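Novice:
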Amino acid sequence: MKNLLIIFFFLQIATSSIAQILSNVDEVYPFQEDLAAVQKNNQWGFINKQGELVIDYRSDLVVTNNLGNSSSYPVFKNNRCLIKKLIDEIYYFGYIDNTGTIVIAPQFLNATNFKNGHALVIAPSKEVIGFNKLLNKDIISSNIEEFVINTMGEKVRYLENPFKYNLQKRKSIVPPVFHSKFIAPGIVAVQKHDMKWDVYQF
1166 MKNLLIIFFF
1176 LQIATSSIAQ
1186 ILSNVDEVYP
1196 FQEDLAAVQK
1206 NNQWGFINKQ
1216 GELVIDYRSD
1226 LVVTNNLGNS
1236 SSYPVFKNNR
1246 CLIKKLIDEI
1256 YYFGYIDNTG
1266 TIVIAPQFLN
1276 ATNFKNGHAL
1286 VIAPSKEVIG
1296 FNKLLNKDII
1306 SSNIEEFVIN
1316 TMGEKVRYLE
1326 NPFKYNLQKR
1336 KSIVPPVFHS
1346 KFIAPGIVAV
1356 QKHDMKWDVY
1366 QF
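If you use the numbering used here, the sequence shown closes out at 1367, no skipped numbers anywhere.
(1) Apart from the five residues just before and just after residue 1249, which ones in its own chain have a Cβ nearer than 7 Å to its Cβ?
(2) If we count Cβ pairs, one from each stretch, closer than 8 Å, do we get three or more for the stretch 1237–1252 versus the stretch 1317–1331?
(3) Determine the direct distance from the alpha carbon of residue 1285 to that of residue 1309, and round the result to whole angstroms.
(4) Going by C-alpha distance, which of 1275, 1260 and 1229 is nearest residue 1268?
(5) Determine, using beta carbons only, whether residue 1343 and residue 1353 come nearer to each other than 8 Å.
(6) Taking buried to mean at least 16 other C-beta atoms within 10 Å of its own C-beta, is residue 1171 buried or exposed?
(7) Is it the case that the Cβ atoms of residue 1283 and residue 1263 are separated by a distance below 8 Å?
(8) In whole angstroms, what separates the C-alpha of residue 1230 from that of residue 1357?
(9) Using the Cα positions of residue 1242 and residue 1198, report the straight-line distance between them to the nearest angstrom.
(10) Over what stretch of residues does the beta strand (DSSP E) that includes residue 1251 continue unbroken?
(11) Report all residues from its chain with a CB closer than 7 Å to the CB of residue 1195; omit the five preceding and five following residues, and keep chain order.
(12) As an exercise, report each continuous beta strand (DSSP E) stretch of at least 3 residues that is fully enclosed by the stretch 1250–1281, in chain order.
(13) Using only CA atoms, which one of 1350, 1327 and 1347 lies nearest to residue 1341?
(14) If you count every other CB in all the chains shown that lies within 10 Å of the CB of residue 1275, and 16 or more means buried, which is it?
(15) Could you spell out where the beta strand (DSSP E) holding residue 1218 opens and where it closes?
(16) Drop a sphere of 10 angstroms on the beta-carbon of residue 1210, count the other beta-carbons inside from all chains shown, and report buried for 16 or more, exposed for fewer.
(17) Going by Cα to Cα distance, which pick from 1245, 1217, 1254 and 1289 is closest to residue 1311?
(18) Hey, does residue 1350 have any beta-carbon neighbour from chain C nearer than 8 Å?
(19) Nearest to residue 1278 by alpha carbon, out of 1347, 1218 and 1329?
(20) Within the same chain, show all residues whose beta-carbon is closer than 6 Å to that of residue 1362, passing over the 5 residues directly before and after it, in chain order.
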């Protein structure tokens, strides 16, 4: 009997040393910048390398299609992760840092993950092109423009490619497509209206 009690005691110690940190998640994805995305009930969070949930489950994280992997999940790049917010039937994109704090408020119609300290974004813009005397109001032209931004959300390069884009007529959860792409650190290629490409340094 005494031997059975000793065995039971050691079994208790052994099982209690194997602590369960996280439970009942739907999926766990590879680590990116010391954080791994976890999915639970159609929401996403992040765990650290100790298995602790450091960014709680939320529904605004943007999933990324990962090359060489059929899965899509949120990722951190340059200490930034994409988020989106639905405002008046239009998604606007921004970024959080690795504490889950919003550092760049959702304001862009589309945005890429950061790479080498920069990201591409599509921002809405309006231009007054005339005045309607009958209605006593300005005539507004709505455009979208692409920029390179840094990790603080500051625009570091205007990409000189405005496109007409009426937000009210195009209310949709599908964001506008990019006409620019990074081709090297500090180098961006921009497709013009004639479908030719210009290359800029920033």
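Just so you know, even glycine gets a beta-carbon here, dropped at the ideal spot from N, CA and C. Remember, predicted model here, so these are calculated numbers, not experimental data.
Specialist: To lay it out plainly:
(1) 1225, 1227, 1256, 1257, 1258 and 1271
(2) no
(3) 13 Å
(4) 1260
(5) no
(6) The predicted position of residue 1171 is uncertain, since its pLDDT is 42 and thus under 50; no value can be drawn from it.
(7) no
(8) 26 Å
(9) 7 Å
(10) 1246–1252
(11) 1201
(12) 1255–1261 and 1267–1273
(13) 1327
(14) buried
(15) 1218–1223
(16) buried
(17) 1289
(18) No chain C appears in the structure shown, which is made up of a single protein chain.
(19) 1347
(20) 1354 and 1356
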